[in-house]
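Trainee:
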Amino acid sequence: MNYLILLPQMILVAIAMLIPAIDLYGKDKARILPYLASGALGISLLFLAIFTGIIPLEIFDITIPTSLFGGMLVIDRFALFLQLLFGTVTLFVVMASSTYIKKNERNQGEYYSLLLIATVGMMVVAMANDLITLFIGLEIASISSYALAGFRKNDKKSAEAAMKYFIIGALSSSIVLYGISLFYGLTGTTDLAQFGTALSNLNSGQDGLLAMATIFLIAGFSFKVAAAPFHMWAPDVYQGAPTTITTFLAAGSKKMGFAALFKVFLFGLISFKADWAIAFGVMAALTMTIGNLAALKQQDLKRMLAYSSIAQAGYIMMALAVATQYALGGALFHILTHAFMKTGAFIIVAMLSVMLIGSRVEDLRGLRIKSPITAFCMAIMMLSLAGIPPLAGFASKFVLFSSAIDAGGWLIWLAVIAVINSAISLYYYARVLKEMYVLPTGKNKPIRMKEPLAMLIPIVLATAAVIIIGLYPAPFVDAAMDAARALIP
Amino acid sequence: MTWVEFSYLIPIIPFIAFLIVAFFGNKMKEGGAPVTIAAVASTFVLSVLVLFDVYQNGSYETSMNWIGGTGLEVGIFIDNLTALMLIVVTFVSLMVSIYSLGYMHDDPCKRRYYAEIALFVGSMLGLILANNFLLMFIFWELVGVCSYLLIGFWYQKPAAASAAKKAFLVTRIGDVLFLTGIAMLYVKFGTLNFVELEHLMGHDVQGLLLPALLLFAGAVGKSAQFPLHVWLPNAMEGPTTVSALIHAATMVKAGIYLVARSYFILEHVPDAFLIIAIIGGITALMAATMALVQYDIKGVLAYSTISQLGYMMLALGAGAHAFGYTAGMFHLMNHAFFKALLFLAAGSVIHAVGSNDMRKMGGLHKHMKITSITMLIGSLSIAGFPFMSGFFSKDEVLSSVWHAAADNNIYYVLYAMGVITAFLTAFYMFRLWYMTFSGEQRDKSYHPHESPKTMTIPLMLLAILAAGAGFSFFFGFQDFIYFGHAPHVTIVHMFEMWQTWLSIAAGLGGIGLATLVYYKGSISPSVFTAGPGRRAVRHMLEMKYWMDEVYMAIAEKGVYGFSLLMDKFDRKVVDGAINGISSGGIGLGHASNEFDKGVIDGTVNGLSKASFKGGKLLWNLQSGRVQDYASVMILGVCGLIVLMMLTGVI
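Heads up: the sequence lines are chains B and D, in that order. Numbered by my numbering, the letters in the first sequence go through residues 1 to 489 in order. Numbered by my numbering, the letters in the second sequence go through residues 1001 to 1650 in order.
Have a look at this one:
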């Protein structure tokens, strides 16, 4: 049975339906819900691991790639790679949420249910091979995350963040939809696999229309990945949303945007590379520069990390400018490492607020005594984000940047800008280290505090991942390159 | 199955020990010392087994891909040179860490000490085992970081903190040049693997001089060669055990090892050999003269290390066919033993006296016989007393330089400098010994006592090697460590050469003069300062040829001036530009505000405030108003259209 390959998603949907019911009728539900959600994610990940062959069990009769619904969904290495990533990020977020979302908070059923639904939406995007399924997946994930951003509706910041996110999101969705309709008008199909041949038969007079359609898709998806100049919502929303949701947005939802961009441009429109590569190059340079410069001055940790994640989106976007298999592999690898780094860093921020330490950069002072392990993990995350060897961030940046250098031409300048940006970013990442380890703690001596275990586990796991990937990146690079090969043969 | 297959454990074990001690050391005896000692001991055992394997089966290499698709690898390469270095480093480190049990017993920060020692040793072993220049560089930097941490171990002392910084910064100059050299090699050959490079070297030897010299520059920084030697004397601010480790095994030997390891490159650029030899000769002589005027017992030893490192460089610079490679590495091994011995003995003295100042010592022989005798053996060895280990290696160094002189007359000058250095070395070492141990105790305010067994046993073991290791040259060493073809020197042959007698004369002459001045007292030390000329020379030596002052001037006038200029640039130009952009942004914000005023009014202002505060730079556009964001998005779409038009797509 071919449809078994959708088991991971089916499980998530089933549990997502079950959770609100339990929330209504169950007892002690605040304790059960996160277990249920993480259980669903765990089983889903298990199946994905079996499909990819990480767990060498051949209990399903499944071939990779599999095409479903007349080619609307294709489950290939690319899809599986990203699905595993999305599932892992959500699992970490759910674990952290079990402590971050307090027992007496309202609407917990919706919270976990929407998280799972959003994850399914992201997974659909990873599998989509048609602009319609792509859009549906995008909207499933987006609409769920608008609601999640406003989960604490009595918190004005959370409500404001959700409102902004929704308005800008709706605008960008309409732009995407307009772009899709133009493509459909030009080619008569929404199947990405047929774009190449369909578009090559265009009349010369329709070039302008094609360019407009391309621009609309670039603009619409760039909102999702928060690339400049479509990034302005991100710092506000990241800061206002509950921190666990911020984690989800930065580490998961943003990567879905890249999945969509890769699918459309590096798969569907790859034969028109010359038309759009330069646009992505300019946006990548702009995005990383704006992100890093703005991060320099931020005092709020969440806001600083938000800008840092804008800058990282700029690095990843380089792959769209280079548009080679190697670059895509580098981007997917960086998406993987960045997911771990940002998950770890944001969950640390969430934990600091649970521990009532605060979320400003200077609140980190004395953390080395209050919670040495958190300080250590944060230090690893910061160093890795800055790209210090031998951590994961270095390895992935290295592959990404060297792909641009390999491509040659103007892309070398893009790599130079990226390297300069990395150097700039070191400043604000180092500021965190300085607060934690160098500056004296002042008069009131900090005391050792107890960390909530449910948040510490994902933090330590993410840190371990960052170190392991950094020390021995080869298998992860290979996996990313396999995934890239599925799109660009 | 062979032991070399487990050689990857050699650096890993100390790293694991580092983690264990760093996290759990406070709960263990002596701050985790047993873990560190056990780890170092097991690396020593492994190194011995590896040495036998290599002796029987030849060199060994294993590696794995590190970052896919880039050709960068993580791997181990073991040949005779590696095996020798492993033995030397692990043995000396073992002695030092055992000795530390006694020396650091009363220090409150023992956990940090043993953790950092384990890391230091692990990094050095990684450096030795690396199979390519990049991996070597990574460990090279780790060694640098550890030396920074350990020199500044007592960071409460301002002198220690600044010494640590000085060591870190000065060696950094060499490191940057080294990295540049690596990059040049990579660009030229596309690989950094030693074996592959050596293979490629046969085809293309053009333009190798610059990369070769850049590699050597790295060694100059790390091995404290002229003109980057200034950090090493200050480095004694750390615990004496750390000095012993840095001087004898882990840090400064890395530079020598690098030069030896790069021999396959250097042999194609004879000019580089000459430069290495000249730098080595200058360093040897200059440092020996500076050691003459030190009153700090560790100061004398520090300058003597620089001087002896100069000797090693001098030998390596003599080239392969003059057996400089064998001589240099032989001296490295012997120096590791006698310098570790001397430093640890000095530590024992400092432990008893509570001061580094030799003017407060004297007459200690009565109270600390073991320390005194072992130090005497070390001093005899470094002074080149016949049949001690230092005698053989020094003689090999000098004779290789003499051989090299057959091709280039400059080596005659270097040979002369080497002989003078040998004389000076013998003199200042015996000045040290007599001032410390003979005569009467000059400062009676303390009661010296012999150090505990954990300290004296390493001393005795090292003393045996410092005395006897020299004979190993004739029993295997010269057939094991060589480049090209092995030398065949016999003891009988050695004594047939007049050069051998000259170096014996230099050594005995130095010892004799020191005896007359500091033991018999038949020549007063004031002879050296009688008259303005002599006083000027002495002043110059005490000021260390004003090298520190020169560097300070360069740093202050040059670098600081430059940074002032940059600051001005920053304030005038960059800030101006940013202000300009942001006022443009405000204008744009106002315009768009007018445009859709009231479309979505009355969203909460909490975030807008935050973003206003947060984004003072050019982010006034980041107003927190969602209508502004939407306008910017539309502007972005327009921008993309313009871009596409500019690039000619539309």
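The C-beta atom is built at its ideal place from N, Cα and C for all residues, glycine as well. Please read these numbers as outputs of a predicted model, since none were measured by experiment.
1) Does any residue of chain B have a CB that is nearer than 8 Å to the CB of ILE1012 of chain D?
2) Please name the residue, chosen from D:VAL1074, D:ASN1080, D:PRO1014 and D:SER1059, that lies closest to TYR472 of chain B on a Cα-to-Cα basis.
3) Please check if any C-beta of chain D sits within less than 8 Å of the C-beta of GLU489 of chain B.
4) Out of curiosity, what's the CA-to-CA distance linking GLY344 of chain B and ALA379 of chain B?
5) For MET1184 of chain D, would you say it is in contact with chain B, using Cβ-to-Cβ distances shorter than 8 Å as the test?
6) Can a CB atom of chain B be found closer than 8 Å to the CB of LYS1597 of chain D?
7) Kindly identify the DSSP beta-bridge partner or partners of ASP300 of chain B.
8) Determine the DSSP secondary structure at PHE1474 of chain D, reduced to helix, strand or coil.
9) What residues of chain B sit near ASN1065 of chain D, judged by a beta carbon separation below 8 Å?
10) I'd like to know if MET1136 of chain D contacts chain B, where contact means its C-beta is closer than 8 Å to some C-beta of that chain.
11) So which residues of chain B does THR1647 of chain D contact, with C-beta pairs closer than 7 Å?
12) Interface residues of chain D around LEU171 of chain B at Cβ under 8 Å?
13) Residues of chain D with a CB under 7 Å from the CB of PHE230 of chain B: which are they?
14) Rounded to whole angstroms, what is the Cα-Cα separation between THR1603 of chain D and ALA159 of chain B?
15) Specify the secondary structure class of LEU1072 of chain D as computed by DSSP and reduced to three states.
16) For PHE47 of chain B versus LEU85 of chain B, is the C-beta spacing smaller than 8 Å?
17) Measure the C-alpha to C-alpha separation of GLU1005 of chain D and ALA430 of chain B and round it to an integer number of angstroms.
18) State the DSSP-derived secondary structure class of PHE1483 of chain D, mapped to helix, strand or coil.
19) Determine the contact status of ALA1463 of chain D and ALA1336 of chain D, defining contact as a CB-CB distance below 8 Å.
20) Distance check for VAL1626 of chain D and TRP233 of chain B, CA to CA, integer angstroms please.
21) For GLN1308 of chain D, which residues of its own chain have a beta-carbon under 6 Å away from its beta-carbon, when the five flanking residues on both sides are left out?
22) In three-state terms, what does DSSP make of TRP1154 of chain D?
23) Compute the distance between the beta-carbons of LEU1086 of chain D and SER1042 of chain D, then report whether it is under 8 Å.
24) Does any residue of chain B bring its CB to less than 8 Å from the CB of ALA1591 of chain D?
25) Relative to the alpha-carbon of GLN206 of chain B, which residue among B:GLY220, B:ILE175, B:ALA193 and B:THR187 has its alpha-carbon at the smallest distance?
26) Could you check how far apart the C-beta atoms of PRO1458 of chain D and TYR1099 of chain D are, in whole angstroms? I think they sit under 8 Å.
27) According to DSSP, simplified to helix, strand and coil, what is PHE1077 of chain D?
28) Output needed in chain order: residues of the region 255-281 of chain B with a Cβ under 7 Å from some Cβ in chain D.
29) Between LEU439 of chain B and VAL1300 of chain D, what straight-line distance do the alpha-carbon atoms span, to the nearest angstrom?
30) I need the straight-line Cα distance from MET163 of chain B to LEU1129 of chain D, nearest angstrom please.
31) So the beta strand (DSSP E) ILE75 of chain B belongs to, where does it begin and stop?
32) Is it buried or exposed for GLY371 of chain B, if we count other Cβ within 10 angstroms and need 16 for buried?
33) Would you call GLY1484 of chain D buried or exposed, if buried means 16 or more other Cβ atoms sit within 10 Å of its Cβ?
34) Determine the closest residue to HIS1268 of chain D out of D:LYS1366, D:GLU1450, D:ASN1057 and D:ALA1320, with distance taken between C-alpha atoms.
35) Exposed or buried, what is TYR3 of chain B when buried is set at 16 or more other beta-carbons lying within 10 Å of its beta-carbon?
36) Are PRO229 of chain B and MET1633 of chain D closer than 8 Å when you measure CB to CB?
Mentor: Reading it off the structure:
1) Position 12 of the second sequence holds residue 1012 of chain D. Not an interface residue.
2) Mapped onto the first sequence, residue 472 of chain B falls at position 472. Taking only the C-alpha atoms, the option nearest TYR472 of chain B is D:VAL1074.
3) Mapped onto the first sequence, residue 489 of chain B falls at position 489. Correcting the residue type first, residue 489 of chain B is Pro in the shown sequence and not Glu. Taking Cβ atoms only, chain D never reaches closer than 8 Å to PRO489 of chain B, which makes this a no.
4) Position 344 of the first sequence, counting from 1, holds the residue named residue 344 of chain B. Position 379 of the first sequence, counting from 1, holds the residue named residue 379 of chain B. Rounded to the nearest angstrom, the two C-alpha atoms are 11 Å apart.
5) Along the second sequence, one-based indexing puts residue 1184 of chain D at 184. Not one chain B Cβ lies under 8 Å of MET1184 of chain D.
6) Taking the first residue of the second sequence as 1, we reach residue 1597 of chain D at position 597. Below a pLDDT of 50, predicted positions are generally treated as unreliable, and LYS1597 of chain D, at 38, falls in that range; the measurement from the model is reported next regardless. Chain B, which has no Cβ nearer than 8 Å to the Cβ of LYS1597 of chain D, makes this no.
7) Walking along the first sequence from the start, residue 300 of chain B turns up at place 300. DSSP output for ASP300 of chain B lists B:ARG360 as bridge partner(s).
8) Translated into the one-based positions of the second sequence, residue 1474 of chain D becomes position 474. PHE1474 of chain D falls in the coil class under three-state DSSP.
9) As a working mapping, residue 1065 of chain D is identified with position 65 in the second sequence. ALA474, listed in chain order.
10) What you label residue 1136 of chain D is simply residue 136 of the second sequence in a count that begins at 1. Closer than 8 Å: no.
11) Translated into the one-based positions of the second sequence, residue 1647 of chain D becomes position 647. Simply ILE278.
12) Numbered from 1 along the first sequence, position 171 holds the residue referred to as residue 171 of chain B. The contacting residues are ALA1630 and MET1633.
13) Here residue 230 of chain B is taken as the residue at index 230 of the first sequence, counted from 1. Simply MET1633 and GLY1636.
14) Position 603 of the second sequence, counted from the first residue, corresponds to residue 1603 of chain D. Position 159 of the first sequence, counted from the first residue, corresponds to residue 159 of chain B. Annotation note: pLDDT 37 at THR1603 of chain D (below 50); position unreliable, no value reported.
15) Along the second sequence, one-based indexing puts residue 1072 of chain D at 72. If DSSP states are grouped into helix, strand and coil, LEU1072 of chain D belongs with the strands.
16) Indexing the first sequence from 1 puts residue 47 of chain B at position 47. Indexing the first sequence from 1 puts residue 85 of chain B at position 85. Going by C-beta atoms, PHE47 of chain B is not nearer than 8 Å to LEU85 of chain B.
17) As a position in the second sequence, residue 1005 of chain D is number 5, starting the count at 1. As a position in the first sequence, residue 430 of chain B is number 430, starting the count at 1. Going from the Cα of GLU1005 of chain D to the Cα of ALA430 of chain B covers about 40 Å.
18) As a first step, residue 1483 of chain D is located in the second sequence; it is residue number 483 there, counting from the start. Of the three classes helix, strand and coil, the one that applies to PHE1483 of chain D here is coil, per DSSP.
19) The residue labelled residue 1463 of chain D in the question sits at position 463 within the second sequence. The residue labelled residue 1336 of chain D in the question sits at position 336 within the second sequence. Not closer than 8 Å, so no.
20) Within the first sequence, residue 233 of chain B is the residue found at index 233, counting from 1. Within the second sequence, residue 1626 of chain D is the residue found at index 626, counting from 1. Using only the alpha carbons, I get a separation of about 8 Å.
21) Counting from 1 along the second sequence, the entry for residue 1308 of chain D is found at position 308. So the qualifying residues of the chain are HIS1335.
22) Counting from one through the second sequence, the residue named residue 1154 of chain D turns up at place 154. The answer is coil: DSSP assigns TRP1154 of chain D none of H, G, I, E or B.
23) Here residue 1086 of chain D corresponds to residue number 86 of the second sequence, with the count starting at 1. Here residue 1042 of chain D corresponds to residue number 42 of the second sequence, with the count starting at 1. Not in contact: LEU1086 of chain D and SER1042 of chain D (Cβ atoms no closer than 8 Å).
24) Here residue 1591 of chain D refers to the residue found at position 591 when the second sequence is read from its first residue. Low confidence applies here, because ALA1591 of chain D scores a pLDDT of 45, under 50, leaving its location unreliable and the question unanswered by this model.
25) In the first sequence, the residue the question calls residue 206 of chain B occupies position 206. Comparing Cα-Cα distances from GLN206 of chain B to each of B:GLY220, B:ILE175, B:ALA193 and B:THR187, the minimum goes to B:THR187.
26) Along the second sequence, read from residue 1 onward, the residue named residue 1458 of chain D stands at position 458. Along the second sequence, read from residue 1 onward, the residue named residue 1099 of chain D stands at position 99. With a Cβ gap of about 4 Å, PRO1458 of chain D and TYR1099 of chain D count as contacting.
27) Residue 1077 of chain D sits at position 77 when you count from the first residue of the second sequence. PHE1077 of chain D falls in the strand class under three-state DSSP.
28) ASP275, ILE278 and ALA279
29) As a position in the first sequence, residue 439 of chain B is number 439, starting the count at 1. As a position in the second sequence, residue 1300 of chain D is number 300, starting the count at 1. Spanning the two alpha carbons is a distance of roughly 37 Å.
30) Position 163 of the first sequence, counted from the start, is the residue given in the question as residue 163 of chain B. Position 129 of the second sequence, counted from the start, is the residue given in the question as residue 1129 of chain D. For MET163 of chain B and LEU1129 of chain D, the distance between alpha carbons rounds to 59 Å.
31) Start at 1 with the first residue of the first sequence, and residue 75 of chain B comes out as number 75. Here the beta strand (DSSP E) through ILE75 of chain B covers 73-75.
32) In the first sequence, residue 371 of chain B corresponds to position 371, counting from 1. It is worth fixing the name first, because residue 371 of chain B is Ser in this sequence and not Gly. It is buried - the Cβ of SER371 of chain B has at least 16 other Cβ atoms within 10 Å.
33) Your numbering for residue 1484 of chain D matches position 484 in the second sequence. Per the 10 Å Cβ criterion, exposed.
34) Mapped onto the second sequence, residue 1268 of chain D falls at position 268. Among D:LYS1366, D:GLU1450, D:ASN1057 and D:ALA1320, the Cα nearest to that of HIS1268 of chain D is on D:ALA1320.
35) The residue you call residue 3 of chain B lines up with position 3 of the first sequence. Per the 10 Å Cβ criterion, exposed.
36) In the first sequence, residue 229 of chain B corresponds to position 229, counting from 1. In the second sequence, residue 1633 of chain D corresponds to position 633, counting from 1. Contact flag set, yes.
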